[in-house]
Amino acid sequence: MGLCQGKNVYKVEKTITNENTTNENLCVLDENVINKSEIGISQLPNLQIISQAPSCVNYSCIQNEFKLPSGEGYLEWTYEDGTRYEGQWKDKAPNGKGKLWTAKGDIFEGQFVNGQLSQGSHFQVSGSSYTGEFMNGLYHGYGQLTEFNGNSYTGQFEKGMKQGKGILKRKDGTMYDGEWKQDIQSGFGLCVWEVDKRYEGQWEESLMHGQGTFCLKGRKYVGQYYQGQKHGKGTYYWNSNTYYDGEWQHGVQNGQGILVNNKQVTQTGVWKDGVFQDAQ
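So the mapping is simple: my numbering equals the position in the sequence shown, first residue as 1, plus 32.
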């Protein structure tokens, strides 16, 4: 059976009821705990807008007309709004290893390039954290995002959003390993809810959409999905010898199909809303 390995053997029913998979598309972070302004698109403060004199260590600071210290070395700097920076300084900006505390309490730590963090960690007041690559103050490249509620994502980011390939793990054990587009599962991916419940195939807008394989307690569906439901052509297996093969609409058999029970064809013809209608 490949992807689906189960111990249970099921007798074939007279009709196949719709196993609602709409709620089983929830291979995403809990929307009620995600603040898009806080998670994944956090930006560093503008380090060039400064009006308070610095406190310098290990070298002499030279003030310029914009009150930015010139020179190279280690610097401790406090901004008017309460933002604080400690670390290496060069060309009037953080350059090298450093640590920055924002006015709201977030911490950025790692390697700075021209005033922006390029590699390091972002610790949020909420308890969420990110470790990885940055670009222009956004999560960009490879990194790991850990939510305060126990969910985590490890993979690729682009301009602050999950983009490319990555693995999402929820605290309830649900796991998605696959492709992302602008923070949403789109492309090919595997979602595992529990040991005997999984889907592998195409996704669109965080829904099973396209060709895929869905397994549940030893049963298996191989075929087409549309917006989270079986739709198109597909085969539903109770086991390798008992299955329905045919057309589906909105999650149930609709159209031409055959029912095979213990390798014997028992029904061939038209199905409507999951119920066999007429023999051919």
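Every residue, glycine too, gets a C-beta built ideally from N, C-alpha and C.
This one's a predicted model, so the numbers in the text were calculated from it and none came from an experiment.
- Here the alpha carbons of residue 149 and residue 168 stand approximately 8 angstroms from one another.
- In the three-state DSSP reduction, residue 217 falls in the strand class (E or B).
- The DSSP-derived three-state label of residue 246 is strand.
- A direct Cα-Cα distance of roughly 23 angstroms separates residue 308 from residue 248.
- Residue 118 sits in a strand when the DSSP states are folded into three classes.
- Its chain contains 261 and 263 as the residues whose beta carbon lies nearer than 7 angstroms to that of residue 282, once the 5 sequence neighbours on both sides are disregarded; these appear in chain order.
- Taking the Cβ atoms as the reference, residue 142 lies roughly 5 angstroms from residue 151, within the contact range of under 8 angstroms.
- Taking the C-beta atoms as reference points, residue 210 is found nearer than 7 angstroms to residue 221.
- Per DSSP, the continuous beta strand (DSSP E) segment holding residue 110 begins and ends at 104–110.
- Spatial neighbours of residue 304 in its own chain (CB-CB distance under 7 angstroms, excluding positions within 5 residues in sequence) are listed in chain order as 286.
- Within 10 angstroms of the beta-carbon of residue 237 lie fewer than 16 other beta-carbons, which makes it exposed.
- The beta carbon of residue 292 lies closer than 8 angstroms to those of 273, 274, 275, 276, 277 and 298 in the same chain, with the five residues before and after it left out.
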